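Chains as they are written, first to last, in our numbering: chain A, 3 to 224; chain B, 3 to 224; chain C, 3 to 224; chain D, 3 to 224.
Heads up, the thing below is written out as structure tokens.
Number of protein chains: 4
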Amino acid sequence: MSKPPLETDQPANAATQDSATRRRRDRDVRESEILEAAFSEFAAHGYAATRMEDVARRAGVAKGLPNFYFASKDALFKAVLRRLILPDWSALEARFGQSDRTTADLLREFVALIYERLVDNPRAHQLLRLLIAEGPRMPELTEFYYAEFIERAIALLGSLLGRGVERGEIRPGPYARYPQVIMAPALMAVLWNLLFATEHPLDCAGFLEAHLDLVLNGLAVP
Amino acid sequence: MSKPPLETDQPANAATQDSATRRRRDRDVRESEILEAAFSEFAAHGYAATRMEDVARRAGVAKGLPNFYFASKDALFKAVLRRLILPDWSALEARFGQSDRTTADLLREFVALIYERLVDNPRAHQLLRLLIAEGPRMPELTEFYYAEFIERAIALLGSLLGRGVERGEIRPGPYARYPQVIMAPALMAVLWNLLFATEHPLDCAGFLEAHLDLVLNGLAVP
Amino acid sequence: MSKPPLETDQPANAATQDSATRRRRDRDVRESEILEAAFSEFAAHGYAATRMEDVARRAGVAKGLPNFYFASKDALFKAVLRRLILPDWSALEARFGQSDRTTADLLREFVALIYERLVDNPRAHQLLRLLIAEGPRMPELTEFYYAEFIERAIALLGSLLGRGVERGEIRPGPYARYPQVIMAPALMAVLWNLLFATEHPLDCAGFLEAHLDLVLNGLAVP
Amino acid sequence: MSKPPLETDQPANAATQDSATRRRRDRDVRESEILEAAFSEFAAHGYAATRMEDVARRAGVAKGLPNFYFASKDALFKAVLRRLILPDWSALEARFGQSDRTTADLLREFVALIYERLVDNPRAHQLLRLLIAEGPRMPELTEFYYAEFIERAIALLGSLLGRGVERGEIRPGPYARYPQVIMAPALMAVLWNLLFATEHPLDCAGFLEAHLDLVLNGLAVP
DNA sequence: TATGAATGAGGTTTCATTCAT
DNA sequence: AATGAATGAAACCTCATTCAT
Chain A
3 MSKPPLETDQ PANAATQDSA TRRRRDRDVR ESEILEAAFS EFAAHGYAAT RMEDVARRAG
63 VAKGLPNFYF ASKDALFKAV LRRLILPDWS ALEARFGQSD RTTADLLREF VALIYERLVD
123 NPRAHQLLRL LIAEGPRMPE LTEFYYAEFI ERAIALLGSL LGRGVERGEI RPGPYARYPQ
183 VIMAPALMAV LWNLLFATEH PLDCAGFLEA HLDLVLNGLA VP
Chain B
3 MSKPPLETDQ PANAATQDSA TRRRRDRDVR ESEILEAAFS EFAAHGYAAT RMEDVARRAG
63 VAKGLPNFYF ASKDALFKAV LRRLILPDWS ALEARFGQSD RTTADLLREF VALIYERLVD
123 NPRAHQLLRL LIAEGPRMPE LTEFYYAEFI ERAIALLGSL LGRGVERGEI RPGPYARYPQ
183 VIMAPALMAV LWNLLFATEH PLDCAGFLEA HLDLVLNGLA VP
Chain C
3 MSKPPLETDQ PANAATQDSA TRRRRDRDVR ESEILEAAFS EFAAHGYAAT RMEDVARRAG
63 VAKGLPNFYF ASKDALFKAV LRRLILPDWS ALEARFGQSD RTTADLLREF VALIYERLVD
123 NPRAHQLLRL LIAEGPRMPE LTEFYYAEFI ERAIALLGSL LGRGVERGEI RPGPYARYPQ
183 VIMAPALMAV LWNLLFATEH PLDCAGFLEA HLDLVLNGLA VP
Chain D
3 MSKPPLETDQ PANAATQDSA TRRRRDRDVR ESEILEAAFS EFAAHGYAAT RMEDVARRAG
63 VAKGLPNFYF ASKDALFKAV LRRLILPDWS ALEARFGQSD RTTADLLREF VALIYERLVD
123 NPRAHQLLRL LIAEGPRMPE LTEFYYAEFI ERAIALLGSL LGRGVERGEI RPGPYARYPQ
183 VIMAPALMAV LWNLLFATEH PLDCAGFLEA HLDLVLNGLA VP
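Below is the structure:
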């Protein structure tokens with residue numbers, strides 16, 4: 003979503019484009035393929051254990067090409083993380099910003115969406131692994147994700163909860179200062195998948211149910 | 003043995019040990035120092051980016067010594083994780099196994115203890131980072147921690163909750179199948195510390211309060 | 003292909019090859035150069051005392067290149083010995099297989115040829131040194147040379163001697179079971195060169211004469 | 003033989019020897035054990051591939067002890083070769099120096115003795131391997147063995163042959179300038195054992211027979 | 001005198017990066 | 001723009017040697 007596939011919308015025009023444009027487009031495609039391959043490798047092995055040659059092989063290009071598109075392994079890594087912004091957050095903000103639905107309804111849908119986009123999304127798991135593993139290496143990227151994602155999520159959640167309190171639909175409480183506590187089980191599910199998926203798979207649907215049950219009861223007006 | 007115990011004045015202390023014993027003890031001390039240093043380095047940089055020489059330097063020994071104590075970098079890494087079993091879990095099991103206190107009381111103490119031992123414990127953060135980062139490299143270690151820690155924690159929590167339901171102190175619900183959902187905020191706090199501690203420190207006490215508030219209300223009999 | 007063949011004047015030579023072919027050929031040349039350098043180093047210092055870096059330096063390439071062409075020092079060593087099959091033996095077999103000349107004549111020429119190819123050939127000395135020094139390390143290579151060289155030499159010599167007996171040109175005797183005894187002085191000459199060449203050089207021509215004198219008289223019909 | 007076991011001749015006196023003498027003798031025993039172990043290791047793996055620790059282990063002493071008795075690995079190696087003078091050559095010189103027996107008789111016995119002492123003696127094989135493998139490393143040792151053994155053998159053989167010619171028992175010939183040619187088959191047998199003993203064992207007795215047959219016929223007066 | 005832990009130089013190997021083609 | 005051989009720094013590991021005990 004962060005990269006709308008504009009080019010592929012005009013299939014019939016390709017032949018009419020001048021070669022410079024086509025070349026540019028090829029370039030972008032190659033770059034994407036390399037980034038995609040790099041993400042897979044970095045996610046699988048971590049930064050240091052990833053070999054540029056493996057990235058190239060996975061991308062189906064010659065060994066030296068990634069260094070041609072990206073100045074260095076480090077630059078490639080940063081580009082990978084920068085391109086990997088998760089599902090468009092602003093859409094969520096719009097969707098949940100204003101509504102007449104009950105707070106419980108909104109929360110239900112919000113949590114369900116998070117599960118769909120994060121818990122059930124292997125790419126999100128790998129991104130989290132990369133952030134945790136390589137975070138100390140590159141604080142600016144941690145910060146980037148914080149600003150882009152965490153902060154906005156907390157703000158959105160906070161406003162949603164605040165509205166609920168105002169409307170008398172949920173009880174006030176200390177969670178208001180830490181709205182993220184509401185989403186904690188989702189994070190747990192992601193981590194569970196990351197660590198134990200193969201040996202002890204988690205029934206995400208059931209877990210989501212328990213999550214919502216706990217949270218909605220926990221917030222309910224006594 | 004090769005050295006007569008001339009200093010037999012202080013029966014119960016080190017001076018009475020013969021040189022073989024002393025040497026053995028020194029060996030163990032050195033081994034621990036190396037493991038400690040290795041843990042710091044691995045936690046800070048991850049497995050692949052850690053250099054044996056840095057481990058040695060941090061332990062204050064010569065470059066080759068870690069390889070004298072541990073056959074290889076890999077063996078050192080595994081030894082590090084194996085030695086790092088977290089605070090004694092069986093003590094917890096004993097403490098919360100049987101009691102007359104109310105379920106709310108028990109939960110409050112249990113959660114508080116987890117915060118003390120995990121959330122406020124940098125070593126636990128780093129261990130989690132290592133498990134997440136290097137888990138795919140060594141599934142047997144992930145499994146080891148699952149069996150040693152996760153499984154037992156879930157069992158303990160499950161029995162605690164089950165008792166509460168039986169005693170009519172908390173309501174039944176789907177959380178019973180996923181008792182870990184109760185601890186999710188603690189995990190979130192650990193991860194928060196791991197990722198954002200420097201730029202956006204978390205008030206753990208406040209967060210713990212929100213955690214307990216949510217959970218106790220969420221479990222309360224309506 | 004990437005480069006237009008500007009020098010099309012000499013149809014049959016390198017200039018007409020496309021770059022892929024040229025590159026392949028360069029690769030082969032480099033490989034040979036590395037093998038040649040490796041042989042020199044191994045022969046001079048033995049396997050263990052040879053440093054890969056010295057092989058590279060002698061080949062005039064960077065330190066890492068030998069490991070690019072050969073997976074390991076061991077693989078390089080084996081490749082060296084495998085490439086070093088001595089002068090074509092089948093040619094000898096053909097030459098001495100059938101003939102009307104007297105056995106004495108044939109033996110004279112055969113022995114002379116062996117001196118030319120082995121005794122006077124420093125490369126053969128070094129190969130022998132390597133086989134003796136590293137044979138226990140790699141029995142399959144000893145076996146390879148046995149089958150490729152020793153066995154065939156003995157067979158050829160045996161048939162030559164057998165024919166001589168049949169034709170009544172030489173006397174029968176226990177040497178028939180050990181034809182190699184006939185060539186023993188040549189081996190002695192090789193070893194002499196290997197060990198004492200610098201301080202006590204051997205007059206190979208004179209030694210050859212003594213060799214033939216002894217053998218031809220030793221085989222002569224009384 | 004190079005080291006007469008004088009000490010073990012007086013078993014009953016050991017207790018009466020003063021401790022300094024006993025210590026000295028222990029020292030010598032230890033040194034011999036280390037040399038023996040070193041010889042085995044060097045012969046098996048060559049100089050460079052031999053580890054001091056393995057020498058110590060084989061000698062049954064602590065890792066550091068060989069370095070205590072011998073200044074360095076190199077010094078140990080040289081000491082090993084220096085101690086390994088083969089069976090007493092002067093005895094042979096005495097035995098074959100003057101005699102009334104026929105030259106054929108003398109040669110037969112001489113060759114047989116050489117087989118007994120060299121061809122059938124694994125220690126001699128290994129010594130040869132070491133000389134060939136490490137000769138270039140230490141020319142002075144090659145020279146030492148040349149003077150101690152080869153030169154004297156050639157001289158002895160030469161005088162034996164000369165006497166035979168004088169007495170009309172053998173024909174004159176160019177072999178007189180290279181008496182070693184007479185012993186070449188024995189050398190071949192040693193090398194054969196060194197290289198092919200395991201896969202293609204040599205019947206030394208039969209080979210000796212062929213050797214003598216060839217040589218005695220080759221030298222016989224026509 | 002003997003031990004074996006400790007040292008650190010030096011070897012093999014890996015791999016990010018460069019560059020001629 | 002793309003290829004892949006070539007480079008060389010740097011990592012892991014070995015092991016001869018030292019030295020406190």
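Each residue gets a CB set at the ideal place from its N, CA and C atoms; glycine is no exception.
Since the structure is predicted, the reported quantities are computational estimates derived from the model, not experimental observations.
Buried or exposed: residue i, going by 16 or more other Cβ atoms within 10 Å of its Cβ?
{"i": "Gln100/D", "result": "exposed"}
{"i": "Phe301/A", "result": "No statement about residue 301/A is possible, as the shown extent of chain A runs from 3 to 224 and does not include it."}
{"i": "His202/A", "result": "exposed"}
{"i": "Ala45/A", "result": "buried"}
{"i": "Pro174/B", "result": "exposed"}
{"i": "Val82/A", "result": "buried"}
{"i": "Val223/A", "result": "exposed"}
{"i": "Arg131/A", "result": "buried"}
{"i": "Pro141/B", "result": "exposed"}
{"i": "Thr200/B", "result": "exposed"}
{"i": "Val121/D", "result": "buried"}
Per DSSP, what kind of secondary structure is residue i in: helix, strand or coil?
{"i": "Ala222/B", "result": "strand"}
{"i": "Val63/A", "result": "coil"}
{"i": "Asp102/B", "result": "coil"}
{"i": "Glu201/D", "result": "coil"}
{"i": "Gly208/C", "result": "helix"}
{"i": "Ala51/A", "result": "coil"}
{"i": "Ala73/B", "result": "coil"}
With a threshold of 6 Å on Cβ separation, who are the neighbours of residue i within its own chain once the five nearest residues in sequence on each side are excluded?
{"i": "Val217/A", "result": "Ile184"}
{"i": "Glu280/B", "result": "There is no way to answer for residue 280/B, as the model of chain B reaches only from 3 to 224."}
When you compare the CB of residue i with every CB in chain C, is at least one pair closer than 7 Å?
{"i": "Phe198/D", "result": "yes"}
{"i": "Met190/D", "result": "yes"}
{"i": "Ile134/D", "result": "yes"}
{"i": "Pro181/D", "result": "no"}
{"i": "Arg84/D", "result": "no"}
{"i": "Ala131/D", "result": "According to the sequence provided, residue 131/D is Arg. The question's Ala does not apply to it. Chain C contact via Cβ: present."}
{"i": "Ala40/D", "result": "no"}
Does any residue of chain A have a CB that is nearer than 7 Å to the CB of residue i?
{"i": "Tyr117/B", "result": "no"}
{"i": "Phe72/B", "result": "no"}
{"i": "Phe209/B", "result": "yes"}
{"i": "Val121/B", "result": "no"}
{"i": "Ala149/B", "result": "no"}
{"i": "Asn219/B", "result": "yes"}
{"i": "Pro124/B", "result": "no"}
Is any beta-carbon of chain B found at less than 7 Å from that of residue i?
{"i": "His127/A", "result": "no"}
{"i": "Arg60/A", "result": "no"}
{"i": "Ala50/A", "result": "yes"}
{"i": "Ala93/A", "result": "no"}
{"i": "Gly137/A", "result": "yes"}
Once you ignore the five residues that flank residue i on each side, which residues in its own chain have a CB closer than 8 Å to its CB?
{"i": "Arg139/C", "result": "Tyr49"}
{"i": "Leu204/D", "result": "Ala191, Trp194, Asn195, Phe198"}
Quick one: does residue i have its CB under 7 Å from some CB of chain D?
{"i": "Gly144/C", "result": "Position check: residue 144/C holds Thr in this sequence, whereas Gly was assumed. With 7 Å as the cut-off, Thr144/C counts as an interface residue toward chain D."}
{"i": "Asp215/C", "result": "yes"}
{"i": "Gly175/C", "result": "yes"}
{"i": "Gly166/C", "result": "no"}
So, at 7 Å on beta carbons, what are the nonlocal neighbours of residue i in its own chain, with the 5 sequence-adjacent residues on each side left out?
{"i": "Gly166/A", "result": "Thr105, Ile172"}
{"i": "Leu108/B", "result": "Phe98, Ser101, Leu162"}
Mind pulling the alpha helix (DSSP H) runs of 4 or more residues that sit fully within the region 107-194 of chain A? 124-136, 141-147, 153-168
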